[in-house]
Amino acid sequence: VVALSPMLGPAIGGWALSIFSWNWIFVILGFMGISALFGVSRMPETLAPELRTESIELFKGYAALVHNKRYIVLTCLTTFGTMPLFAFVAASSEIYIVGYGLSERTYGYFFGFNALALMAGSFTCIRIGGQVMSRNILSIGFLGIAAGGLWLFLGNNDGPWDLALPMFVMSFSLGLSRPPSHNLVLKQVLKGACAASSLLMFAMMTTGAAAMWFISLNWDEVTSVLGIMGLSCASFGLICWLLIQKFSAHPW
């Protein structure tokens, strides 16, 4: 669902803009929100009352995570790989529509192509998960993101495919490494997996927002900056990951 939504969303938005004015985008979003609210309101609570967590215990769980060094280190590493994707989300509309002169509908297709790569990477992880160790898949993911960033930085930047194909490699590699990276993060906690998962997503969204701010500065060559982000973030993450495995007293 996470991969399918960004693939369908821009395509639906592009079709809506080709038929209606931009104001209708918010009408469509409002209808979706009301539909989701109606569905959630009819869902019964499945967790037994004796298993529910008190608010004070929830905050204690977050405090314990902050002191879990292995969890914090892996959380930081995971965010490095996602930053180029968030930057692409922020800059892609300007690059495709303003820079390459594509229509909103065509932009939706190219954005969906990138989301397809993310989903394909996750499915590939499922296929090779039984033969390749999680830590090796994570290393391959970092290498793929770095390779895509280098390709984007050295590319000609003459047309939309000069951005779409390197980003396909980067997004595929991120999709490939995301399941094992999240699994490794959550394996570092003995209890409070829900709090660990939410704190991980908070860290990803916060660093992602920083990446979106950074790519939105007045750069002359946005695609080159995006390539440098992919290369630098993934290379730094890979080096840290390899050093951690080498000098850690306990296996990951």
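As numbered in this note's numbering, residues -4 to 247 make up the sequence shown, in order. Virtual Cβ for every residue (Gly too), placed ideally from N, Cα, C.
By the neighbour-count definition (other C-beta atoms within 10 Å, threshold 16), Leu3 is an exposed residue. For Ser219 against Phe148, the beta-carbon gap comes to about 6 Å, under 8 Å, which counts as contact. Per DSSP, the unbroken alpha helix (DSSP H) holding Ile123 starts and ends at 99 to 123. With the rule of 3 Cβ pairs closer than 8 Å, the region 165 to 172 counts as touching the region 109 to 121.
Beyond the five residues adjoining it in sequence on each side, Leu12 comes within less than 6 Å, by CB distance, of Glu99 in the same chain, given in chain order.
Less than 9 Å divides the Cβ of Thr77 from the Cβ of Thr202. In the three-state reduction of the DSSP assignment, Thr48 falls in the coil class, being assigned neither a helical nor a strand state. The region 173 to 223 contains, as complete alpha helix (DSSP H) runs of 4+ residues, the segments 188 to 210 (chain order).
Around the beta carbon of Pro1, 16 or more other beta carbons sit within 10 angstroms, so the residue counts as buried. Ala85 has its alpha-carbon roughly 40 Å from the corresponding atom of Leu46. Counting only the Cα atoms, Asn63 lies some 43 Å from Ile23. Exposure of Phe242 is indicated by the presence of fewer than 16 other C-beta atoms within 10 angstroms of its C-beta.
Nearest in C-alpha terms to Met27, of all of Asp215, Ile7, Ile14, Thr48, is Ile7.
Inclusion of Gly154 and Tyr95 in the CB contact set at 9 Å is warranted, their separation being smaller than that value. The count of Cβ pairs closer than 8 Å, one atom from the region 64 to 76 and one from the region 177 to 190, reaches three, so the stretches are in contact.
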